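Novice:
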Amino acid sequence: MDVASPPLQSGFPNGHASPGVNGLDHLNGSSVDGPATSTPAAAPLPFDASTFRDYLLALLPPVLGATPSELEDGIFSDPDFEERVTQFATQPGGPLYVAKISDELHDETTTPNYRYSLASSLAYTPSNVTTLALIKRVPSLDSTVPMASQIQILNLFGDEDTPYESLHAVVSQAVKPWFDAFVGTRHGVRDSDSKIGIPNAKKKFAELELSLFHLQQNVEIPETHLIIHPVIQKAVDAAREAKIHIDTSIIPEAYLNDSTFLNTLQSHVNGWIKAIQTVTKLSRDVKAGTASQEINFWLSLERALEAIDAQLQSEEIKLVMECLRKAKRFLATVSFMADTGLKDGMERSRKYNQLMKDFPLDELLSATDLEKIQDSLGLIFNHLNSRLRRVAYPIHRALPLVEAISRDFNDTILRVLTSHRLIYQPYETFEKLMNTTVSVFKSWDDYVKDFTNVARDVTRKRSEKFIPIKINPAHAKLAERVRYLRDWRRQHEQLAVTTAPTKGLGGISGPGIGSELGGVNMEEEVKEAYEIVKNIDILDVSVEGTEIWVTAENAYNERIARVENQIIARLKDRLGTARNANEMFRVFSKFNALFVRPKIRGAIQEYQTQLIDSVKEDLKHLHNKFKTQYRYSEAYHMSQMRDLPPIAGAVIWARQIERQLTTYMKRVEDVLGKGWELYAEGQKLQTESTAFRKKLDTRPIYEAWLQDINRREMSVTGRLFEIVKLRGGGYQLAVNFDPQIITLFKEVRNLLWLGFQVPHSINNMAKDAKRVYPHAVSLMETVRTYGQTLHLVEENLVIEMLVAEYRNEAQGMVSRGMTLRWDFFVGAYDTHRYLPGGGIDGRENRHIAFVREFASVVSIFQDKANSLVNSYKEINRLIEDLSTCPYTFEAFSDLIGKIQAAIDRLNLEGYANLENWVAELDDRIAGILAQRLVHILQVWCTEFDKTDDGEQRREPVLRDNKQRRIEKRKEEKGPDGDMTLTPIIHEIRIQNQVIFLDPPIEYARDFWFKQLHEWLGVVCRLRRIQSSRYEIGLQIQESSSVELTYTFLLTRFTDGTLEKAFGLIENKVQQIKDYVSKWLQFQSLWDLEAEYVFNRLGDSLANWQQLLTEIKRTRSTFDTSETQRSFGVAVIDYEQVQARVNAKYDSWQRDILSRFGVKLGNAMKEMHAAILKARHDLEHQSIEGLTSGAPRRV
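Residues 1 to 1194 (UniProt numbering) make up the sequence shown, in order.
1) What do you reckon, are the CB atoms on Ile532 and Ala561 nearer than 9 Å?
2) Using three-state DSSP, classify Glu1002 as helix, strand or coil.
3) Looking only at its chain, what residues have a beta carbon closer than 7 Å to the beta carbon of Asn913, apart from the 5 residues adjacent to it on each side?
4) Which one of Arg397, Ser1077, Gly1017, Ser463 has the shortest CA to CA distance from Leu933?
5) Which residue spans inside the region 550-638 form an unbroken alpha helix (DSSP H) run of at least 4?
6) By the DSSP assignment, the beta strand (DSSP E) with Thr131 in it spans what residues?
7) Tell me which residue opens and which closes the beta strand (DSSP E) that Ala119 is part of.
8) Let me check understanding here. Comparing Cα to Cα, which of Val814, Ile799, Arg771 lies closest to Tyr786?
9) Can you find the residues in the same chain that come closer than 6 Å, C-beta to C-beta, to Thr1057, ignoring five residues on each side of it along the sequence?
10) Return the first residue and the last residue of the alpha helix (DSSP H) that Ile936 is part of.
11) State the Cα-Cα distance for the pair His268 and Tyr352, rounded to the nearest angstrom.
12) Classify Val857: buried if its beta carbon has 16 or more other beta carbons within 10 angstroms, exposed otherwise.
13) Have a look at Leu132, Thr130, Ile151, Thr131 and flag the residue whose alpha-carbon is nearest the alpha-carbon of Pro139.
14) Among Trp488, Arg462, Val416, which residue has its Cα nearest to the Cα of Glu431?
15) For Leu1172, is the classification buried or exposed, using 16 other Cβ atoms within 10 angstroms of its Cβ as the cut-off for buried?
16) With 16 as the cutoff for other CB atoms within 10 Å, does Val724 come out buried or exposed?
17) Let me check understanding here. Comparing Cα to Cα, which of Ile75, Asn1162, Thr90 lies closest to Phe47?
18) Per DSSP, which one or two residues make a beta bridge with His986?
19) Taking 9 Å as the threshold (C-beta atoms), are Arg1029 and Asp904 in contact?
20) What does a CB cutoff of less than 6 Å around Ala43 pick up in its chain, not counting 5 residues either side in sequence?
21) For a test of the three-state rule: what should DSSP assign to Ala288, helix, strand or coil?
22) Can you have a look at Leu1178 and say buried or exposed, based on whether 16 or more other CB atoms are within 10 angstroms of its CB?
23) I'd like to confirm the pairing. Which residues does DSSP put opposite Tyr731 in its beta bridges?
24) With DSSP as the reference, label Pro836 as helix, strand or coil.
25) Quick one: give me the first and last residue of the alpha helix (DSSP H) that Ser386 is part of.
26) Should Tyr116 and Leu156 be called a contact, given that it needs their Cβ atoms to be closer than 9 Å?
27) Alpha carbons only, please: which of Ala404, Phe451, Ser443, Glu363 is nearest the one belonging to Arg389?
28) What span of residues does the beta strand (DSSP E) with Arg1125 cover, start to end?
29) Who are the near neighbours of Asp33 in its chain, counting only those whose CB is closer than 7 Å to its CB and skipping five residues on each side?
30) Thinking C-alpha only, which one of Asp894, Asn916, Thr717, Ile244 is nearest Phe825?
31) Taking the alpha carbon of Asn113 as the reference point, which residue from Leu122, Asn128, Leu820 has its own alpha carbon closest?
32) If Ala474 and Ile395 are in contact, beta carbons under 8 Å, what's the gap, nearest whole angstrom?
33) So what does Ser102 bridge to, in DSSP terms?
34) Residues bridged to Asn876 by DSSP?
35) Report the residue from Val748, Ile153, Tyr887, Lys616 whose alpha carbon sits nearest the alpha carbon of Val1019.
36) Checking the sheet assignment: what are the DSSP bridge partners for Thr1045?
Have a look at this one:
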C-alpha cells in the first residue's frame, strides 16, 4: 500500500523543524537557540554546489550508513544534482529529502543493497528504509558559511509497514519535550501566552501524539476483493454499454452448458465464502491490547463487512448466482449467505459499534492535567453505563475493556504526574497535586462501582452465563504509591517544619538553640535526607523501581534518625518542665505529628501517669454525659432544630460520645504507645472503654426501630384528603398522610448515611415516602394555610363576600383533590423523573400539577384575605374617624377620599361582590354622617335658641357681649367645630315720616336658612363612595340615577330634628316681628290727626284715662337708655328713631294731657256745679220731706 507522506514542515511553525532524533545537532553543529548569523555582502555570491556536496559526504555516512561509493553512484551521479542543490540553496521553498531505498530482490540470506536519491518532494514506498529531511534555517544558503549552522536535519525512519511509529516517536520524544523545555525556561515571561497560546499548543501536541498512537494500534482488517470470471465480467460490461437488462440471457448458451465453466464459477463461489469467512470470523482478545485497539477493531470490521456486502450486491455477483441456479448447482447458492456468516457478522459489529461510536476515550488519552482526566473518566463511564444497557455488547468483553481503559488511565495519569516533577514541587503544590490525584482515583473507584452495578443488572436481564463481575485495575500499584508518597511527604514536611528556625523547636527553645542541638544542624540534616530521594523516579512501581525506592528510603531514614535523637532530647526537656497535664498535652499537640515515629513515641512513656489520670477524669465526665440520656440533652433540642428524626439523632449522639471515647483512647495510645492495652493501667482503661463502648452500641436502638416499623405496616396509599371530626364539634379538612411516614423516610435516609443496612421493603417504603414527601409537605402546608385563611375570614366576616371567588376556587380545588389518591403519585414521580426525553401523560400532569395549582390557589386566597383584612382595618379606622373628626368639609373629604382610594385599590385587585360590599360600607358611613348631622343640628338649635343676657340684665355695649361669647365658644370648641352663629343687625329707621325695618325681617329668615344650609352642607355635599369608578360603561348608565352625595340623609330624619331647626327660625322671626310691630305702631304718631283721636275718645273720661295709661305703658318701649334689643341671633337697633319717636310721643302726650285736662276741668266744674246744686237743693228741703221720701228711695 502506497501512502503519500505530507511535507514535514507543515507540522512546525515558521517552516522550522525540531532537532533530529538521533542527536545529530552535535554532529552538524546546528543550534536550536536561534538562526545562524550570516555575513553581509555587497552582492550575493553564486552558491558553490561542491560545498554542499562535501557537507553531504560528511553527513550521510554516519547518519544513513552510506558509503562514499554508494553516494557517488546514487546522489552525485544524478545530472540534475547541481541544479537541484542550487535551487534549494538560493530560492525560498521546501526542504531537500535524502531517501535510502532498499533493494526489493534480496532475501534474508543475502546482504541487502541500498540506493540513495535526492529529491525536493517525498514519495513513500514500502522499500523506503529511511528519509533524511534537510531544512534551511535561513532564506538562502551561503557557501562561505558552514552548512551545519544553516541547515537542520530530521531523520524519518520508514522501514516499517507504516510510518506511524516513527512519526509518533518524533512528536512524543523530540518535538513535544523540546517545546515543553522551551516553555519551562520562559515561565512567567508573558502571562497572556501562558493563559491562551501555550495551553492550546500543548493540547494540540497531545492530540497529534494521540492520533499517531491510534494509527499504530489499528488492527488491519484484510481487504477482500471477490474474483469475477472474465466471461461474466465481459458480459456485464457489454450489457451496461448496450443498456440492456442483466440476466443469464447475456451469457452464451454454450457457457451455461459447459461444465468446465460452471465448475469454475462454483470454485469462485467457494473461494468467496472462504475469503468472506476470513473477515467475518475475525476477532480479538480484549485483554491482549488497548482500549483503542478494541474500539478501532470493531469500527474497521464494520466498514470491511459493509464493503463486502456492497460487492455481493453488484450485478456481477448476482449474475454468477443466477448462472449456477439455472444450471441447478444449488449446493453453492442455497447456503451461500449462511456459510459466509456475513449477516451475523454485520449485525454483531453494528450492535457493538453502538457502544464504540463516539467513545470518549480520546478525552482521557489527550488529557494534560488531572482535572481533565477526572472529567474524561466521567464522560467515559457515563457513555459506557448508558449504552451498555441498550447495546448487546457482552459483559465478558466489557470487563477487560474497562481494564484496558484502566491501563490507558494509568499511563495518562503517570504522564501528567511525571511532567510535574513531584519531588521538586513545594509542599503546598505537592499536597494539592496528591489530593487531586487521590480524588481522581476515588472517582475511578466510584465509577467502577456504578459500572459493576450496571454490569450485574445487565447480566441478570440478559440471562447470560454468570461470571464474576470484578475489575483488576492496572493503576492499583500507582494509586497505592501515590497515597504512600502523600503520607511520607506529609511526615517529612512535619519534621521539616518542626526543625525550622522560626517554628517548632526553634520557636520554643530560644535563639540559636532550636534547629541546632548537640552540634547537629537538624534543618540541614532534614534537607540533605530529602535530597537522597530527589534523584529517583518515585512513581516507578516496577520491581526495579520499587527496589530503588526502598533503598533510597532506608538511606533517608538513617539521616533522619540523628534528627529524631535531638528532638527526643528537646521533648523530654519540655515535658520535664511542664507544670500540669494540660501543658503536657499542649506539647503533645504541638509535636503530635512526630509521634508516629517509634523513637519519639517511646521517649514520652515516662509521663504516662499524669496523662492517664487526666484521661480518666475526661472519661468520668463522658460517663456522666451519657447517663443524662439523649432525650434530656442539648443534642436532642439541636437535632429537632436541624430536622433530625429521633432514632437517627440518638444514633448520632451515641456515636459522638463514642468518637470522644475514641479520642480519649487515642490520647492513651499517644502516651503509652502501640500495645498500650498490655499495660496494667492501659488494660484497665481498655476494659472500661470496651464496656462503655458496648453501652454505646446503637444496634439495639436500630433493631427496636425496625420491629416498630414492621409492626405498624405503614404505606403510602389512600386518598389525598380526609375529613376529620373535631372534639368540640364540627369537621376539618386534613391531608390523609401519616406523619410517621415522613419520619420514616428521614430515619431511613439518615440511617443509610450512618451505615445501617435498612431492609429492602422498608427502604422501598421510604423511597415511596421520599417521592411523595414534597407533595405531602406542600399539601399539608397548603391545607394549614387554607384553614388559617378561613379562620381569618370568619373572624372578619365583613370581607367574606369579597374573597368569595377565591374561596370558591380553593373549594373547587379541594373537590378535585378528593378524587385523587397517593398511590399514583409514586408511579407518576418515577416516570417523570427517570424516563429521559419522555413527556408525562395527562394523568400524571393532572396529579402532579394539582399540588402546585392547589398551593398557588390557596396562596392567592391567603394573600388576598390578608391584604383585604389590612385594607378593611384601615378603612374601618377611617370610618371611625368620621365620627370624631372636626366638623369641616376638608376633614370629611380627606377621610372619604382615603376610603375611596382604598376601594379603588380593591377594585383594581379584582375582588368580587365589591359593589354590594361598598353599598354596605356606604350605609355605615351614611349612618355615621347622619348622627353627625343630628348632633350638628342639635348644636345649631342650641346656639340658635340662646337668648342674649340683655333680656335679664341689659349691658350698655352689645358688641362687648358678642366678643365675650366668641372667646368663650373658642375655649369650649368640640369635634363639631366652632359653632358660632353670626347675629344679624336690623335697624328701625324713619324716613319721610315713615317707620320701617332695615333690612326687612324676611332677610333674617333667608340668612338663617343659608347659615343652616352651610352647616348641613358640610356633610350633604360630600361625595358618596363608589365601587365602579373604573367601570366607564357603568358610570355612564347609572350616574343619572344614583345620588352621588349625602343630601338624601336629610330625608331620613323621622324625629322632627330638621323641623325643629326650621321651627326655631320661624319662632325667632315671629318674636322679632312682634317686637318690631310695636315700633311700627308708632307710625300712627305721624299718621293720626289729633281731632280724630279726640273725637274718638269723646267726652268719656274713662277712655281718656285708659289712653293715658297705655301711653305711659307703651313709653317703656323707647323711653330707655339702650339703643338696641338683642334676640340672640338678631339685634334690633332703634337708635335712629328713638329720639324722634320720643319727641313725637311727648308731643302727643302733651296734647292729650292738655285736652284731657280741659275735659277733666270741665267735668269737674260740671260736677262741682251739680254738687253745689244738689247741696243747695238739699239744704232747701226739710227734714220731713227727706224722711218721707226715704222709704220711696229705699
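C-beta atoms are modelled at their ideal positions from N, C-alpha and C, and glycine is treated no differently. Bear in mind the structure is a predicted one, so any value in this text is a computation, not a measurement.
Specialist: Reading from the atomic positions:
1) The residue you call residue 532 lines up with position 532 of the sequence shown. The residue you call residue 561 lines up with position 561 of the sequence shown. Ala561 sits away from Ile532, with the two beta carbons spaced by 9 Å or more.
2) Working through the sequence shown from its first residue, we reach residue 1002 at position 1002. The three-state reading of DSSP puts Glu1002 in helix, counting H, G and I together.
3) Stepping through the sequence shown from its first residue, residue 913 is reached at position 913. In the same chain as Asn913, and ignoring 5 residues on each side of it, the C-beta atoms closer than 7 Å to its own belong to Met801, Leu802, Ala804, in chain order.
4) What you label residue 933 is simply residue 933 of the sequence shown in a count that begins at 1. Comparing Cα positions, the closest option is Gly1017.
5) List check, alpha helix (DSSP H) in window: 581-590, 598-603, 608-627.
6) In the sequence shown, the residue the question calls residue 131 occupies position 131. Segment 128-136, the beta strand (DSSP E) holding Thr131.
7) Against the sequence shown, residue 119 aligns to sequence position 119. 114-119 is the span of the beta strand (DSSP E), which, as asked, contains Ala119.
8) Translated into positions along the sequence shown, residue 786 becomes position 786. Tyr786 has its Cα closest to that of Val814, out of Val814, Ile799, Arg771.
9) Sequence index remark: in the sequence shown, residue 1057 carries index 1057 (1-based). Counting only Cβ-Cβ distances below 6 Å, and skipping sequence neighbours, we find Val934, Leu937.
10) The sequence position of residue 936 within the sequence shown is 936, counting from 1. Annotation for Ile936: the continuous alpha helix (DSSP H) segment containing it runs 914-945.
11) The residue labelled residue 268 in the question sits at position 268 within the sequence shown. The residue labelled residue 352 in the question sits at position 352 within the sequence shown. Taking the straight line joining both Cα atoms gives about 31 Å.
12) Here residue 857 refers to the residue found at position 857 when the sequence shown is read from its first residue. Per the 10 Å Cβ criterion, buried.
13) Counting from one through the sequence shown, the residue named residue 139 turns up at place 139. Of the residues Leu132, Thr130, Ile151, Thr131, the one whose Cα lies closest to the Cα of Pro139 is Ile151.
14) Taking the sequence shown and counting its residues from 1, one reaches residue 431 at position 431. From the listed residues Trp488, Arg462, Val416, the smallest Cα separation to Glu431 is found for Trp488.
15) Here residue 1172 is taken as the residue at index 1172 of the sequence shown, counted from 1. Residue burial annotation: Leu1172 is exposed, with fewer than 16 other C-beta atoms found within 10 angstroms of its C-beta.
16) Locating residue 724 in the sequence shown gives position 724, counting from the first residue. Under this definition Val724 is an exposed residue.
17) On the sequence shown, residue 47 is found 47 positions in, with the first residue counted as 1. Comparing Cα-Cα distances from Phe47 to each of Ile75, Asn1162, Thr90, the minimum goes to Thr90.
18) Here residue 986 refers to the residue found at position 986 when the sequence shown is read from its first residue. In the DSSP output, where bridge partners are listed per residue, His986 has Ile1132.
19) Indexing the sequence shown from 1 puts residue 904 at position 904. Indexing the sequence shown from 1 puts residue 1029 at position 1029. In terms of Cβ geometry, Asp904 and Arg1029 form a close pair [threshold 9 Å].
20) As a working note, residue 43 is residue 43 in the sequence shown. Because Ala43 carries a pLDDT of 48, less than 50, the predicted location of this residue cannot be relied on, and the following value inherits that uncertainty. So the list is empty, once near-sequence residues are dropped.
21) The count along the sequence shown starts at 1 and reaches residue 288 at position 288. Secondary structure of Ala288 (DSSP, three-state): coil.
22) Working through the sequence shown from its first residue, we reach residue 1178 at position 1178. By the neighbour-count criterion, in which a residue is buried when 16 or more other Cβ atoms sit within 10 angstroms of its Cβ, Leu1178 is exposed.
23) Along the sequence shown, one-based indexing puts residue 731 at 731. In DSSP, Tyr731 forms a bridge with Lys725.
24) In the sequence shown, counting from the first residue as 1, residue 836 sits at position 836. Legend: pLDDT at Pro836 = 44, less than 50; position of this residue unreliable, no value from coordinates given.
25) For the purposes of this step, residue 386 is taken as residue 386 along the sequence shown, with counting starting at 1. Bounds of the alpha helix (DSSP H) holding Ser386 are 370-388.
26) Reading the sequence shown from its first residue, position 116 is the one you call residue 116. Reading the sequence shown from its first residue, position 156 is the one you call residue 156. The criterion of a C-beta distance shorter than 9 Å is not satisfied by Tyr116 and Leu156.
27) Taking the sequence shown and counting its residues from 1, the one referred to as residue 389 is at position 389. Of Ala404, Phe451, Ser443, Glu363, the residue nearest in Cα terms is Phe451.
28) Within the sequence shown, residue 1125 is the residue found at index 1125, counting from 1. Per DSSP, Arg1125 belongs to the beta strand (DSSP E) from 1124-1126.
29) By 1-based counting over the sequence shown, the position of residue 33 is 33. In this prediction, Asp33 has a pLDDT of 39, which is less than 50 and means its spatial position is unreliable; nothing more can be read from the coordinates.
30) On the sequence shown, residue 825 is found 825 positions in, with the first residue counted as 1. The shortest Cα separation from Phe825 among Asp894, Asn916, Thr717, Ile244 belongs to Thr717.
31) Position 113 of the sequence shown holds residue 113. Checking every option, the nearest Cα to that of Asn113 belongs to Asn128.
32) By one-based count along the sequence shown, residue 474 stands at place 474. By one-based count along the sequence shown, residue 395 stands at place 395. So it is not a contact: roughly 19 Å between Cβ atoms.
33) Along the sequence shown, one-based indexing puts residue 102 at 102. DSSP lists Tyr114 as partners of Ser102.
34) Within the sequence shown, numbered from 1, the residue matching residue 876 stands at position 876. Bridge partners of Asn876 according to DSSP: none are assigned.
35) Indexing the sequence shown from 1 puts residue 1019 at position 1019. Ranking Val748, Ile153, Tyr887, Lys616 by Cα distance to Val1019 puts Tyr887 first.
36) The residue given as residue 1045 occupies position 1045 in the sequence shown. Paired residue(s): Arg1023.
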